[in-house]
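These notes are about the structure you will find just below.
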Amino acid sequence: MQRIVILVSGRGSNARALVQACRREAWPAQVVALVSNRPDAPALDFARAEGIATVVVDHRGFADRAAFDAALDAAVLALAPDLVLLAGFMRILDAGFVQRWQGRLLNIHPSLLPAFPGLHTHRRALEAGCRLAGATVHFVTPALDHGPIVAQGAVPVHDDDTPERLAGRVLALEHRLYPLAVGWWLRGELQVDGLRVRHLGGAPQWLLEPAQGSAMGPG
Ligand code: GRF
724 MQRIVILVSG RGSNARALVQ ACRREAWPAQ VVALVSNRPD APALDFARAE
774 GIATVVVDHR GFADRAAFDA ALDAAVLALA PDLVLLAGFM RILDAGFVQR
824 WQGRLLNIHP SLLPAFPGLH THRRALEAGC RLAGATVHFV TPALDHGPIV
874 AQGAVPVHDD DTPERLAGRV LALEHRLYPL AVGWWLRGEL QVDGLRVRHL
924 GGAPQWLLEP AQGSAMGPG
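Written out as structure tokens, the structure is:
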């Protein structure tokens, strides 16, 4: 059984999707803990209700960033994960942490990277006039929202979209995309070559929003 640790800061809907997929698809893995930098993250309530261990490393309780980074590093290391998943974790990880977990650290970002790294991705996509928006699962590197792309999901942008409406549709896709990518990683189906990631079985590494109720793409 491979050990998965999920880092969260808030709502935790992606963490929930991952926990549910782990169970439903009988992954050779177990989500052993959710780690949060916020003691009040709703994601922790879900974990507790599911009997999953929770660890809080409250960033406000440390004198500086280095002290927080060291505490987070120690907390995650103590959980002995095979795979670390960022799911709405809103702190920038230091390079030492990223290097330690290189190749075993994934993130989901709500844009079609490399477009729109950082915050407010949906507003920025609307302002830029994008006709497609989406989400990206990628290996984490020290650069923010950068790193080998495992999978991307796209949704059309509607003329009457607001950032909130677009975010909701992208989020529904995220809940399919992240488990898909994690399942591949756990089964050793990914090969990384520089910034390019190839699925060894040739699975399409993309998803599209279901059109008129019928799913498109491999998910
Ligand atoms: C998601 O949109 C994810 O892509 C981004 O942060 C948000 C987290 O949402 N990194 P949730 O906490 O998983 O509901």
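Numbering-wise, the working numbering comes out as the position in the sequence shown, counting from 1, plus 723. Ideal Cβ positions, reconstructed from N, Cα and C, are used throughout, including at glycine.
Quick check: does the Cβ of residue i come within less than 6 Å of any heavy atom belonging to the ligand GRF?
i, result
"isoleucine 815", "no"
"serine 759", "no"
"alanine 734", "Checking the displayed sequence, the identity of residue 734 turns out to be arginine instead of alanine. At least one heavy atom of the ligand GRF is nearer than 6 Å to the Cβ of arginine 734, so yes."
"glycine 841", "no"
"alanine 810", "yes"
"proline 833", "yes"
Using alpha carbons as the reference points, say which of the options lies closest to residue i.
i, options, result
"glycine 917", "Arg747, Phe862 and Leu741", "Phe862"
"valine 755", "Arg771, Glu748 and Asp763", "Arg771"
"asparagine 737", "Val799, Gly891 and Tyr901", "Tyr901"
"glycine 733", "Leu809, Arg846, Arg788 and Gly891", "Leu809"
"alanine 877", "Ala926, Leu795, His845 and Trp908", "His845"
"glycine 826", "Pro933, Val860 and Arg847", "Val860"
"leucine 829", "Gly870, Pro840 and Gly841", "Gly870"
"threonine 777", "Asp805, Ala744, Gly735 and Ala752", "Gly735"
"leucine 894", "Ala838, Glu748 and His832", "His832"
"threonine 885", "Thr864, Arg847, Ala786 and Ala818", "Arg847"
"leucine 802", "Arg788, Phe812, Ala786 and Trp824", "Trp824"
"cysteine 853", "Asp882, Arg892 and Cys745", "Asp882"
Do you know offhand how far residue i's Cα is from residue j's?
i, j, result
"glycine 911", "valine 880", "34 Å"
"glycine 784", "proline 762", "11 Å"
"leucine 909", "leucine 730", "18 Å"
"alanine 790", "leucine 800", "15 Å"
"proline 927", "glutamine 822", "28 Å"
"alanine 866", "glycine 841", "11 Å"
"histidine 922", "leucine 930", "14 Å"
"leucine 913", "aspartate 817", "25 Å"
"phenylalanine 839", "arginine 892", "17 Å"
Write down the C-beta distance between residue i and residue j rounded to the nearest angstrom, noting that I regard them as a contact closer than 8 Å.
i, j, result
"alanine 874", "leucine 855", "Rounded, the Cβ-Cβ distance is 15 Å, inconsistent with contact."
"histidine 782", "arginine 814", "6 Å"
"valine 758", "valine 780", "7 Å"
"leucine 836", "isoleucine 872", "6 Å"
"glycine 925", "glutamate 748", "Not quite, the Cβ-Cβ distance comes to about 20 Å (not below 8 Å), so this is no contact."
"aspartate 796", "phenylalanine 820", "5 Å"
"isoleucine 727", "glutamine 753", "7 Å"
"methionine 724", "proline 751", "6 Å"
"alanine 858", "leucine 896", "6 Å"
Note the first and the last residue of the continuous beta strand (DSSP E) segment covering residue i.
i, result
"phenylalanine 862", "855-862"
"alanine 752", "752-759"
Can you name the start and end residues of the alpha helix (DSSP H) that residue i belongs to?
i, result
"aspartate 792", "788-801"
"valine 893", "886-909"
"valine 807", "From DSSP, valine 807 is part of no alpha helix (DSSP H) but of the beta strand (DSSP E) over 806-809."
"alanine 738", "736-747"
"aspartate 768", "765-772"
"glutamine 822", "818-823"
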